[in-house]
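Enquirer:
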Amino acid sequence: MVIRPATDEDWASIYPFFSSIVAAGETYAYPDGMSIEEARPWWMEAPPGRTVVAVDRDAIVGSAKMGPNRPGRGSHVATGSFMVDPRHHGRGVGRALCTDLIDWAERAGFRAIQFNAVIESNRAAVHLWQSLGFRILTTVPEAFDHA
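Per our numbering, the sequence shown runs over residues 748 to 894.
Encoded structure:
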């Protein structure tokens, strides 16, 4: 598997799993029913951030976006979001994408990484982030409206 920067042409391969993950209503609070063009700015991160894809055997199997968590005085903390094509769960795609984020954030001089909204019922993601050294700092009851 290779992690590389996403290109504009990659969006057509990302969108199908992006839209199915959003429509499932289990992990992301993005608006439902976005067209391919409406959804693009929600995922394809502009500099100073970046979007990457995980490629396995010439197929895009996952994607991550990353960048400063906040502007100004919060710009020293990175954040990231991750989507793995459900057909490729359990194959190390999420781990590879997060490892890329960690390496990128370190090279870019960020002092920390904060994930803002990991849904606690997404146990696979919670377990993965904890296995990579992340800690849960707080849980907000009923912060996510499950579909």
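Cβ coordinates follow ideal geometry from the N, Cα and C atoms, glycine included.
Roughly how many whole angstroms lie between the Cα atoms of P795 and M830?
Expert: The straight-line gap from Cα to Cα measures roughly 20 angstroms.
Enquirer: Taking just the CA atoms, how far does A890 sit from S822?
Expert: Between S822 and A890, the C-alpha separation is close to 24 angstroms.
Enquirer: Does the separation of the CB atoms of I866 and T774 fall below 8 angstroms?
Expert: Closer than 8 angstroms, so yes.
Enquirer: On the DSSP letters alone, give me the boundaries of the beta strand (DSSP E) that A872 sits inside.
Expert: Element bounds for A872: not the beta strand (DSSP E) but the alpha helix (DSSP H), R870 to S878.
Enquirer: Would you tell me roughly how many angstroms separate the C-alpha atoms of M813 and D892, rounded to the nearest one?
Expert: Roughly 24 angstroms between the two C-alpha positions.
Enquirer: Taking the alpha helix (DSSP H) that V769 belongs to, which residues open and close that run?
Expert: Segment W758 to A771, the alpha helix (DSSP H) holding V769.
Enquirer: Under a three-way DSSP split, which group does I807 fall into?
Expert: Residue state, collapsed to three classes: strand.
Enquirer: Excluding the 5 residues flanking W758 on each side, which residues of the same chain have their C-beta closer than 7 angstroms to its C-beta?
Expert: Around W758: R787 and M791.
Enquirer: Pull up the DSSP beta-bridge partners for T826, would you.
Expert: T826 is bridged to G814.
Enquirer: Alpha carbons only, please: which of N869, T826, D755 and Y777 is nearest the one belonging to W851?
Expert: Among N869, T826, D755 and Y777, the Cα nearest to that of W851 is on T826.
Enquirer: State the DSSP-derived secondary structure class of R797, mapped to helix, strand or coil.
Expert: DSSP places R797 in strand when its eight states are reduced to three.
Enquirer: With burial defined as no fewer than 16 other Cβ atoms inside 10 Å of the residue's Cβ, what is the status of V808: buried or exposed?
Expert: It is buried - the Cβ of V808 has at least 16 other Cβ atoms within 10 Å.
Enquirer: Measuring CB to CB, does V802 end up less than 8 angstroms from S810?
Expert: No; because the gap between Cβ atoms is not below 8 angstroms, this pair is not in contact.
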